[in-house]
Amino acid sequence: MIGFIIRRLIAAVFLLIIVSMVTFAIFFLLPKLGGQTNYGLATQYVGRNPTRAAVLQMEAQLGLNRPVYLQYWHYLSAIFVGEHFGTGTGSAYCPPPCFGYSFKNQQPVWPMMVSDIPVTVSLAIGAAVLWLVFGITVGVISALKRGTIFDRFSMGLALAGVSLPIFFTGLVALELFSYKWPIFPNVQFVPFTQNPLLWARNLILPWVTLAFLYAALYARLTRAGMLETMSEDYIRTARAKGLPERTVIVRHGLRAALTPIITIFGMDLGALLGGAILTEYTFSLHGLGLFTIEAIQNQDFPEIMGVVLLAAFFIVIANLCVDILYAVVDPRVRY
Amino acid sequence: MTGLAAVGAVAALVTAACGGSSTTGSTATVHFNQAVTSVVNPSSHKGGTIIFDNSSGPDSTDAGNTYYAFNLNFTRLYATPLTTYKACPGSCGLAVVPGLATALGTPSNGNKTWTFHLKSGVKFSDGTPVTSSDVKYAVERTFDRTVLPNGPSYFASLLAGNAAKYPGPFKDRSKNLMALTAITTPNPTTIVFNLKEPFADFNYVTAFPQTAPVPPAKDTGTNYQLKPLSTGPYMISSYQLNKQYTLVPNPQWNPSWNPQVKQLASKIIVNLNVNAVDIDNRLLAGDIQMDQAGSGVQAAARARILSSNSLKANSDDPVNGFMWFYYINTKVPPLNNIHCRMAVEFAANKTNLQTAYGGPYGGNIASTAMPPTVKGYSKFDLYHAYSKPGGDIAAAKQQLSLCGHPSGFSTNIAYRSDRPREVASATALQASLSAAGIKATLKGFTAATYYGNFAGVPNYVHSHGLGLLAGGWGPDWPNAYGWGWALFDGGSIVPAGNTNIAELNDPHVNSLFLSLEAATSPTMSDSISQQIDMAVMKDAVMLPAVYSKALLYRSPSLTNVYIQPYYGMYDYATLGMK
Numbered sequence: 000m001i002g003f004i005i006r007r008l009i010a011a012v013f014l015l016i017i018v019s020m021v022t023f024a025i026f027f028l029l030p031k032l033g034g035q036t037n038y039g040l041a042t043q044y045v046g047r048n049p050t051r052a053a054v055l056q057m058e059a060q061l062g063l064n065r066p067v068y069l070q071y072w073h074y075l076s077a078i079f080v081g082e083h084f085g086t087g088t089g090s091a092y093c094p095p096p097c098f099g100y101s102f103k104n105q106q107p108v109w110p111m112m113v114s115d116i117p118v119t120v121s122l123a124i125g126a127a128v129l130w131l132v133f134g135i136t137v138g139v140i141s142a143l144k145r146g147t148i149f150d151r152f153s154m155g156l157a158l159a160g161v162s163l164p165i166f167f168t169g170l171v172a173l174e175l176f177s178y179k180w181p182i183f184p185n186v187q188f189v190p191f192t193q194n195p196l197l198w199a200r201n202l203i204l205p206w207v208t209l210a211f212l213y214a215a216l217y218a219r220l221t222r223a224g225m226l227e228t229m230s231e232d233y234i235r236t237a238r239a240k241g242l243p244e245r246t247v248i249v250r251h252g253l254r255a256a257l258t259p260i261i262t263i264f265g266m267d268l269g270a271l272l273g274g275a276i277l278t279e280y281t282f283s284l285h286g287l288g289l290f291t292i293e294a295i296q297n298q299d300f301p302e303i304m305g306v307v308l309l310a311a312f313f314i315v316i317a318n319l320c321v322d323i324l325y326a327v328v329d330p331r332v333r334y
Numbered sequence: 000m001t002g003l004a005a006v007g008a009v010a011a012l013v014t015a016a017c018g019g020s021s022t023t024g025s026t027a028t029v030h031f032n033q034a035v036t037s038v039v040n041p042s043s044h045k046g047g048t049i050i051f052d053n054s055s056g057p058d059s060t061d062a063g064n065t066y067y068a069f070n071l072n073f074t075r076l077y078a079t080p081l082t083t084y085k086a087c088p089g090s091c092g093l094a095v096v097p098g099l100a101t102a103l104g105t106p107s108n109g110n111k112t113w114t115f116h117l118k119s120g121v122k123f124s125d126g127t128p129v130t131s132s133d134v135k136y137a138v139e140r141t142f143d144r145t146v147l148p149n150g151p152s153y154f155a156s157l158l159a160g161n162a163a164k165y166p167g168p169f170k171d172r173s174k175n176l177m178a179l180t181a182i183t184t185p186n187p188t189t190i191v192f193n194l195k196e197p198f199a200d201f202n203y204v205t206a207f208p209q210t211a212p213v214p215p216a217k218d219t220g221t222n223y224q225l226k227p228l229s230t231g232p233y234m235i236s237s238y239q240l241n242k243q244y245t246l247v248p249n250p251q252w253n254p255s256w257n258p259q260v261k262q263l264a265s266k267i268i269v270n271l272n273v274n275a276v277d278i279d280n281r282l283l284a285g286d287i288q289m290d291q292a293g294s295g296v297q298a299a300a301r302a303r304i305l306s307s308n309s310l311k312a313n314s315d316d317p318v319n320g321f322m323w324f325y326y327i328n329t330k331v332p333p334l335n336n337i338h339c340r341m342a343v344e345f346a347a348n349k350t351n352l353q354t355a356y357g358g359p360y361g362g363n364i365a366s367t368a369m370p371p372t373v374k375g376y377s378k379f380d381l382y383h384a385y386s387k388p389g390g391d392i393a394a395a396k397q398q399l400s401l402c403g404h405p406s407g408f409s410t411n412i413a414y415r416s417d418r419p420r421e422v423a424s425a426t427a428l429q430a431s432l433s434a435a436g437i438k439a440t441l442k443g444f445t446a447a448t449y450y451g452n453f454a455g456v457p458n459y460v461h462s463h464g465l466g467l468l469a470g471g472w473g474p475d476w477p478n479a480y481g482w483g484w485a486l487f488d489g490g491s492i493v494p495a496g497n498t499n500i501a502e503l504n505d506p507h508v509n510s511l512f513l514s515l516e517a518a519t520s521p522t523m524s525d526s527i528s529q530q531i532d533m534a535v536m537k538d539a540v541m542l543p544a545v546y547s548k549a550l551l552y553r554s555p556s557l558t559n560v561y562i563q564p565y566y567g568m569y570d571y572a573t574l575g576m577k
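Quick look at the structure:
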């Protein structure tokens, strides 16, 4: 088991390195292939009507005139050993993990990302609890009561949930419950440590909006899985043994149907922890999703690189957890 | 980026479908566009919290590192420059008046030396007295573009002495601190600027917040933006980067330091990166008082406001000094021929362009290269924008014959594909040009890279045949030089970061800019400004689309609300709460 985990961890590190190389290439090599010069790149960071000297100074500061592999190495090594950044009047040490220095905000990237993580984590975990509880419950009941009004209604609702984009449901939720009937007025993030009640109250609308989409998906997946497993021979055998129906459903039916759900849950949660872009944008929650949007809008390469790596890290870790869980459930996976 | 634009557009539709319920505290005494010409709810009442929301954020809260119009407006709350704009609506607000200085700068040596005297008793928010050295240092620090990249670069290009090579006070500090030779401080209340060439507009240049004093000992370089020392009525008490900053009254403040700003509210909060559609909802619901960007409400809120008498009475639609237009490049064939350029000018359907930019509430049809908010503006119509707003195809065909392409020619239109209005405008222009036989191909770019990588790089423009390039512009100060030097003077053409995208290098226009800066009277300035406008339009290097307007909503709970014409939005430095 330990060997399996170590192998997976090594693969994860390689994957992150490849992600970082691809991101680096996209932002540094592609513009150059398109004919962009170092001078042109530097011009974007010195304001309007810059003097030539100012552009050259910025070009040197950004290290654009060094070979690309050195730039990449410099970036990668800073993540592990930290780096000193000039603040003008002095130098600020950016301890590892140091993801570079934002051109737009003139601040190290990592502390900015860290301050946004609690928002995204609060959003993702809360929504995940909601969608797991509701999605799986509705899926199981629908499967057991196949063809009933409940089944049809809940699957119709699930179809709506999957089809309606978050920026639609989010804005409708805001319009109805924040403005028309101000049950949740002035939605904005309040840290859990500051006021847990306000934290929850302000996150209910984003949670429900996000969970609506995923719950719908999970309900349909659970229903399909349950329908399949409940028609297996071993279920008939379990019933024939005289097991209570509740045990048959939970122990034998649901447990088997949950295996693919675990896989997809790991992926979904990992992806969301990297930033729930649309939900954060709709509700103006300053998490990693909004951070990503700002970074892209500002063409702030270190910020984009940082958030891509962090998102990749979350997905890799989530996958690792799923793999380990799988290995526990099914020993064949270890070999 | 395109995805985001799509999100915004769909989001706008959604809110339009659901909107229409909430109106807030309208009063019978207010009316549409009232704040354009008068002060709404004048009051000296103190107290209350004003909340600003912004769908993005300032380029920096450091007054020496900003260029966005809304932030030039907002920084006056905590940074007092040597000069500033008068706090009054209408053309009165275009006047530059003393800020930190006792009077406007006194020119000598043929407009090459400018002397300012500082008001006595002015202190920073930490109680330290302000001296002329602090003003000199504030200007010096803007020379280091690696630390403060965002502000204008007029001081670097105008000042004499070592200005061309001065690296700023941050690098090699012991050698470079207070080493800018073009600025002298004979005593603690006097500061003298020595320029390379005569420059009559220098009082406008000192109105940029780059002249707001900064004490060298307290400057933390790039981190100064987080807690700058204040010389205005408020000071920044907390700042969560990209999220929120809060201003509280500056205890040292004395109203005599700068009568153009007020200290009325007991707190000012600015929320950053808030969803644009949600900002409008919060504004109309009364949850916030102001949209800091000042660029107008989104389409959904506009529909709500215009369909409700009470909401409309609390809104204004001023000409905001900004202009939307197309650069017509003078180097890309066949537009290097003036008659081909004129053909484009005549053929364009100005009504359709206006519709693309938001219709009559989005802007007025433009016929000149300068907007009406620029001093010296005089209406004229060389290319029949008013007499034939649907396009004058006959005149266009005449010009096509003169340029040797009687059946038309092919060119490309560059535009920002993630800006829905610009997409609509480019499509409309393409259609109207085709009526005259001019075949234009659309080339879309993302807004973030448009000027930096493409339109502002002449080599790229030439090699890709970008003949027509969509653009917009706001003046650095409200006269022909502040508006047009960067757009039309041959000296402003640079290989990257170019703003003279038409690449006009007309000796006549260049000499007019020189004489404008040597002008000795306002009448002379106005006359030269008009000549520049006319000359540029005769060169047919700009296809004017609209003089931009922005539908702004003024919260009924605010006092002293009016449109400051230089900023083209509400004056943020005089607001109070009822």
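Residue numbers (numbering that gives the first Met the number 0), protein chains in the order written: chain A, 0 to 334; chain B, 0 to 577. Ideal Cβ positions, reconstructed from N, Cα and C, are used throughout, including at glycine.
Local Cβ density within 10 Å of residue i, reported as buried at 16 or more and exposed below that
i	result
A:C93	buried
A:Q193	exposed
A:N185	exposed
B:S462	exposed
B:M576	buried
A:F336	A question about residue 336 of chain A goes unanswered here, because the residues of chain A that appear run from 0 up to 334.
B:L282	buried
B:T105	exposed
B:P564	buried
A:L277	buried
B:C91	exposed
B:R301	buried
According to DSSP, residues forming a beta bridge with residue i
i	result
A:E82	A:C93
B:P128	B:K122
B:M289	B:F51
B:H116	B:T189
B:N509	Answer is none; B:N509 lacks a bridge partner.
B:S657	The displayed coordinates of chain B run from 0 to 577. Any statement about residue 657 of chain B would go beyond what the structure contains.
A:T228	Partner(s): none; A:T228 has no beta bridge.
B:A413	B:K442 and B:L468
B:V39	B:V560
B:K266	B:T48
Nearest candidate by alpha-carbon position, reference residue i, set the options
i	options	result
B:G580	B:V373, B:L550 and B:T445	Outside the modelled stretch of chain B, which goes from 0 to 577, sits residue 580 of chain B, for which no answer is possible.
B:D391	B:G167, B:E344, B:D171 and B:G407	B:E344
B:T48	B:T558, B:I562 and B:Y565	B:T558
A:N104	A:A326, A:N297 and A:V321	A:N297
B:P97	B:F207, B:S54, B:F154 and B:P248	B:F207
B:N313	B:T60, B:V560, B:A572 and B:T573	B:V560
Collapsed DSSP secondary structure at residue i in the structure displayed
i	result
B:L574	coil
B:A27	Only weak support is given to the placement of B:A27: the predicted model assigns it a pLDDT of 47, under 50, and the value that follows is read from those uncertain coordinates. B:A27 falls in the coil class under three-state DSSP.
B:I235	strand
B:S405	Residue identity check: residue 405 of chain B is Pro in the sequence provided, not Ser. In the structure shown, B:P405 sits in coil (DSSP, three-state: anything other than H, G, I, E or B).
B:K349	helix
B:N72	helix
B:D380	coil
B:F321	strand
Legend entry - Contact between the segment 445-459 of chain B and the segment 471-482 of chain B (3+ Cβ pairs under 8 Å): Proximity of the segment 445-459 of chain B to the segment 471-482 of chain B falls short of the contact definition, fewer than three beta-carbon pairs being nearer than 8 Å.
Inset, instruction - Flag this pair as touching only if the segment 173-191 of chain B and the segment 64-75 of chain B have three or more C-beta atom pairs under 8 Å; answer yes or no. - result: Touching, no.
Inset, instruction - Assess, as a yes-or-no matter, whether the segment 263-281 of chain A is touched by the segment 302-315 of chain A under the definition of 3 or more beta carbon pairs within less than 8 Å. - result: Touching, yes.
Legend entry - Given 8 Å, three or more beta-carbon pairs between the segment 244-264 of chain A and the segment 213-230 of chain A: These segments touch.
Legend entry - Residues of the segment 138-153 of chain B with Cβ closer than 9 Å to any Cβ of chain E, in chain order: As a matter of chain content, chain E is missing from the structure shown, whose protein chains are A and B.
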